[in-house]
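**Q** Numbering (UniProt numbering), first residue to last: 1 to 803.
We treat Cβ as the ideally placed atom computed from N, Cα and C, and that holds for glycine.
It should be emphasised that the depicted structure is a prediction, and the values quoted were computed from it without experimental measurement.
Handing you this structure, nothing more for now.
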């Protein structure tokens with residue numbers, strides 16, 4: 001029989017070293033010898049990590065198991081294979097849609113793995129369109145483990161209004177450690193070896209036996225500076241980029257000043273969860289590498305220089321004097337016991353810590369009796385002895401050092417001297433009350449720093465999920481620069497700019513993402529390709545699509561970008577082919593269905609387009625672009641009531657989208673709701689004053705309601721925004737016709753014809769003939785006027801927002 005432990009360790013080493021074939025081979029040999037749940041889990045893990053998902057499913061399904069690790073792994077595999085019912089059964093133990101097991105009961109069953117198990121259940125219920133149950137399990141998973149950001153992200157995407165401070169809050173140190181343990185399991189799983197990429201913070205700079213110190217490069221490199229003088233060690237963690245600073249001897253500075261130096265050298269990361277705390281107190285270097293501890297500063301080293309007074313007359317009998325002070329001394333200096341002459345003590349050295357034999361010598365030493373004992377305090381409380389015979393003051397017991405805690409400390413200094421053959425003692429008790437609270441542990445500080453960062457990002461993401469883009473941009477820009485300049489955060493910032501209509505800033509932010517991480521492929525990059533399609537930047541769109549496909553041919557986002565590239569070149573059939581490939585790679589990608597629906601609109605296949613938009617809504621009910629697409633098709637079919645309903649649903653999701661408001665206003669005008677249409681357009685113009693389409697439609701409605709002067713003012717503004725669009729000048733000519741100014745009308749019709757020689761639906765030529773020959777017939781006022789040519793494409797596709 002093979003001994004289990006060495007082989008298990010070898011399997012885990014192979015897995016952690018990505019030698020999956022070796023891990024599978026050894027796990028199979030071990031499981032053939034000994035069949036139990038632990039080794040079943042090990043074998044299934046090797047299959048799953050090596051990409052043999054179905055093989056892992058087969059082995060777990062054909063064996064009985066009860067451990068939470070096997071249940072969770074089997075649920076993960078079933079979810080990946082789209083076997084949602086089996087995945088739910090593995091986690092809950094029962095399949096009862098009417099009376100399912102509560103999230104609290106599941107949490108108590110899985111112990112420290114409860115957060116992950118509940119998040120997986122939330123994913124299962126979300127995919128099976130059971131949204132209320134998904135929301136409940138996501139919330140409970142965050143309560144069990146606040147480090148699960150994906151649960152919070154899913155809650156926001158489902159439309160839940162969640163406060164990040166309710167979930168990302170300070171945790172007690174006793175609740176943090178169990179989150180990183182294996183949990184309540186019937187067997188102890190082998191733990192992976194310590195690596196330099198361990199997510200838990202490391203506080204021991206000494207490399208382990210199995211670790212090569214030359215290769216252990218941490219993610220955040222820091223430099224340790226030690227200044228040691230006579231057994232006193234001061235340690236500070238500073239950023240590597242900080243220049244070396246020569247630290248003064250600890251005896252020459254007070255404790256507060258020394259801590260300010262340490263803080264000034266510490267890394268200014270805020271919030272900090274990847275570094276040691278900024279305030280690092282001195283440690284006692286006992287020569288044995290003991291555990292660092294906070295200590296009271298050495299007495300003689302921090303002695304304040306108090307002027308020496310003349311000795312007082314000695315008392316006639318033995319006395320004991322006690323001095324108690326509740327006032328905290330300045331500079332944290334407690335007691336000064338001069339063992340040197342003033343010349344020696346002024347040198348700023350630490351001779352007081354190295355107690356020589358003179359301090360503990362006998363009172364009969366003739367050389368020591370030449371010195372006058374003095375005891376000095378920082379608060380100017382002095383106790384002296386009367387000179388008789390010159391004696392040597394000595395400390396009867398060593399002064400102990402204790403950690404600084406909120407409790408008061410008693411320091412007793414006993415000075416013994418001999419006067420006239422009689423001994424006397426002066427016992428001084430000084431009570432120091434340190435009000436400084438005990439610093440939290442490094443793990444606690446790291447967790448608190450991460451929680452603060454998650455709260456800040458959570459607020460921004462919550463605003464982003466509700467399409468409050470301006471607020472989201474402000475919150476994202478308040479993040480620390482080193483956090484904001486990551487691919488994930490820059491992508492979110494770019495999406496907010498894109499959804500708010502600021503295409504220039506969105507393009508810059510997306511470009512920065514591509515510059516920082518050329519291999520970054522996420523759904524936001526598909527939006528980047530839509531932005532380039534919208535702004536007609538063919539060369540850059542082609543480069544982006546090619547780069548994404550080169551980096552990952554199995555990415556649906558890459559094929560969406562390629563489809564946009566061909567759509568811009570009017571090759572809609574090829575674009576449809578690539579979008580179908582994207583859907584094949586990821587069947588639940590709502591964005592791909594929306595793009596495919598718009599391509600079918602271009603080819604006048606409205607039924608297929610409706611089917612695609614409905615599929616997008618089925619996978620993501622809050623995908624407002626699909627709601628807009630359905631409303632657009634109903635508008636073309638002159639089903640204005642249905643179009644208005646779908647536009648309203650889209651606006652309920654994204655209430656600040658100016659182009660959606662513009663389309664709703666046009667539909668309301670077709671339904672005879674002119675006043676409501678003007679109010680809607682005013683709101684759209686307020687949200688985006690540079691939206692020429694909204695202003696053009698408002699001028700058209702005003703002209704149709706015989707308000708030509710107001711329409712003319714708005715059209716002059718539109719002409720500044722779209723100076724090369726023929727229909728702008730055509731509508732201005734119509735206004736001058738109504739104002740009975742034929743010469744100005746004819747001039748604007750001529751400009752419109754020069755910009756569009758063929759004429760849009762022959763309306764320009766008909767209007768010119770009407771003006772020239774004095775025909776009383778007019779152009780049909782009910783014709784739909786939209787901006788033409790390049791402006792038409794830009795603004796119409798801006799309405800789609802994602803096409």
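(1) Are the beta-carbon atoms of residue 722 and residue 728 separated by less than 7 Å?
(2) State yes or no: is the C-beta of residue 110 within less than 7 Å of the C-beta of residue 77?
(3) Hey, how far is the Cα of residue 454 from the Cα of residue 148?
(4) Look up residue 61 in the DSSP assignment and say whether it is helix, strand or coil.
(5) Count the C-beta pairs between the stretch 658-665 and the stretch 683-696 that are closer than 8 Å, then say yes if the count reaches three, no if not.
(6) Can you name, in chain order, every residue of its own chain whose Cβ lies under 7 Å from the Cβ of residue 27, other than the five neighbours on each side?
(7) For residue 112 and residue 131, what's the separation of their Cα atoms in angstroms?
(8) State whether the stretch 540-549 contacts the stretch 597-616, with contact taken as three or more CB pairs (one from each stretch) at a distance under 8 Å.
(9) Scan the stretch 536-571 and note each continuous alpha helix (DSSP H) run of 4 residues or more that stays entirely inside, going in chain order.
(10) Please give the ranges of any alpha helix (DSSP H) in the UniProt repeat "TPR" (658-691), keeping only runs that are unbroken, at least 4 residues long and fully inside the region.
(11) Using C-beta distances below 7 Å, list every residue in its chain close to residue 745, excluding the 5 sequence neighbours before and after it, in chain order.
(12) Here's the rule: buried if 16 or more other CB atoms are within 10 angstroms of the residue's CB, otherwise exposed. What is residue 498?
(13) Just mark residue 538 as buried or exposed, buried being the case when its beta carbon has 16 or more other beta carbons within 10 Å.
(14) Suppose you measure from the CA of residue 469 to the CA of residue 604; what does that come to, to the nearest Å?
(15) Where does the unbroken alpha helix (DSSP H) through residue 646 begin, and where does it stop?
(16) Can you tell me which of the three DSSP states residue 82 falls into?
(17) So the alpha helix (DSSP H) residue 618 belongs to, where does it begin and stop?
(18) Where do the N-terminal and C-terminal ends of the alpha helix (DSSP H) with residue 94 fall, by residue?
(19) In chain order, what residues of the same chain lie with their CB nearer than 6 Å to the CB of residue 23, ignoring the 5 residues before and after it?
(20) Using DSSP with H/G/I as helix, E/B as strand and the rest coil, what is residue 70?
(21) Quick one: is residue 122 buried, meaning 16 or more other Cβ sit within 10 Å of its Cβ, or exposed?
(22) Three-state secondary structure (DSSP) at residue 161?
(23) Beta-carbon separation of residue 460 and residue 472 under 7 Å?
(24) Excluding the five sequence neighbours on either side, which residues of its own chain have a C-beta within less than 6 Å of the C-beta of residue 134, listed in chain order?
(25) Classify residue 490: buried if its beta carbon has 16 or more other beta carbons within 10 angstroms, exposed otherwise.
(26) Grab the span of the alpha helix (DSSP H) containing residue 487 for me, first residue to last.
(27) What's the gap between the Cα of residue 580 and the Cα of residue 596?
(28) Give me the Cβ distance between residue 526 and residue 561, rounded to the nearest whole Å; I'm assuming they're in contact under 8 Å.
(29) According to DSSP, is residue 817 helix, strand or coil?
(30) What are the boundary residues of the alpha helix (DSSP H) that includes residue 722?
(31) Nearest-angstrom Cα distance between residue 502 and residue 492?
(32) In whole angstroms, give me the CA-to-CA distance for residue 445 and residue 517.
(33) Helix, strand or coil: how does DSSP classify residue 739 here?
(34) Using a Cβ-Cβ cut-off of 8 Å (strictly less than) and excluding sequence neighbours within five positions of residue 671, which residues of its own chain qualify?
(35) I'd like the list of long-range same chain contacts for residue 50, defined as Cβ closer than 6 Å, with 5 residues on each side in sequence excluded.
(36) Since I believe residue 481 is in contact with residue 496 (beta carbons under 8 Å), could you give me their beta-carbon distance rounded to a whole number of angstroms?
**A** On the basis of the data shown:
(1) By the CB criterion at 7 Å, residue 722 and residue 728 fall inside the cutoff.
(2) Their beta carbons are not under 7 Å apart, which means residue 110 does not touch residue 77 by this criterion.
(3) The straight-line gap from Cα to Cα measures roughly 10 Å.
(4) Residue state, collapsed to three classes: helix.
(5) With a cut-off of 8 Å, the stretch 683-696 and the stretch 658-665 count as touching, because enough Cβ pairs lie within range.
(6) Same-chain partners within the cutoff: 11, 42, 43 and 46.
(7) Straight-line Cα distance between these residues: approximately 25 Å.
(8) These segments do not touch.
(9) Residue ranges of uninterrupted alpha helix (DSSP H) with 4 or more members, entirely inside the stretch 536-571 and ordered along the chain, are 538-551 and 556-568.
(10) Within the UniProt repeat "TPR" (658-691), the complete alpha helix (DSSP H) runs of at least 4 residues are 658-670 and 674-687.
(11) Within its own chain, the residues whose Cβ lies closer than 7 Å to the Cβ of residue 745, once the five positions on either side in sequence are excluded, are 733, 736, 737 and 771, listed in chain order.
(12) When all chains shown are included, residue 498 counts as buried.
(13) Residue 538 counts as exposed, since fewer than 16 other C-beta atoms from the protein chains shown sit within 10 angstroms of its C-beta.
(14) About 34 Å.
(15) For residue 646, the enclosing alpha helix (DSSP H) covers residues 640-653.
(16) Looking at residue 82 - three-state DSSP - the assignment turns out to be coil, as it is neither helix nor strand.
(17) Counted as a single uninterrupted DSSP element, the alpha helix (DSSP H) harbouring residue 618 occupies residues 606-619.
(18) Per DSSP, residue 94 belongs to no alpha helix (DSSP H) and is neither H nor E.
(19) Excluding residues within five positions, the ones whose Cβ falls inside 6 Å are 11, 14, 15 and 46.
(20) Helix.
(21) Burial state of residue 122 is buried, judged by a 10 Å Cβ sphere holding 16 or more other Cβ atoms.
(22) Coil at residue 161, not helix or strand.
(23) Yes, the Cβ-Cβ distance between residue 460 and residue 472 is below 7 Å.
(24) The answer, listed in chain order, is 122, 125 and 126.
(25) Within 10 angstroms of the beta-carbon of residue 490 lie 16 or more other beta-carbons, which makes it buried.
(26) Here the alpha helix (DSSP H) through residue 487 covers 487-499.
(27) Distance between the alpha carbons of residue 580 and residue 596 is about 8 Å.
(28) Yes, they are in contact, since the Cβ atoms of residue 526 and residue 561 sit about 6 Å apart, within 8 Å.
(29) Nothing in the structure corresponds to residue 817, since the chain is present only between 1 and 803.
(30) Residue 722 -> no alpha helix (DSSP H), and no H or E assigned at all.
(31) If you draw a straight line from the Cα of residue 502 to the Cα of residue 492, it comes to about 14 Å.
(32) The straight-line gap from Cα to Cα measures roughly 30 Å.
(33) Correct three-state label for residue 739: coil.
(34) Correct list, in chain order: 640, 641 and 644.
(35) 20 and 24.
(36) Incorrect: roughly 18 Å between the Cβ atoms, too far for contact.
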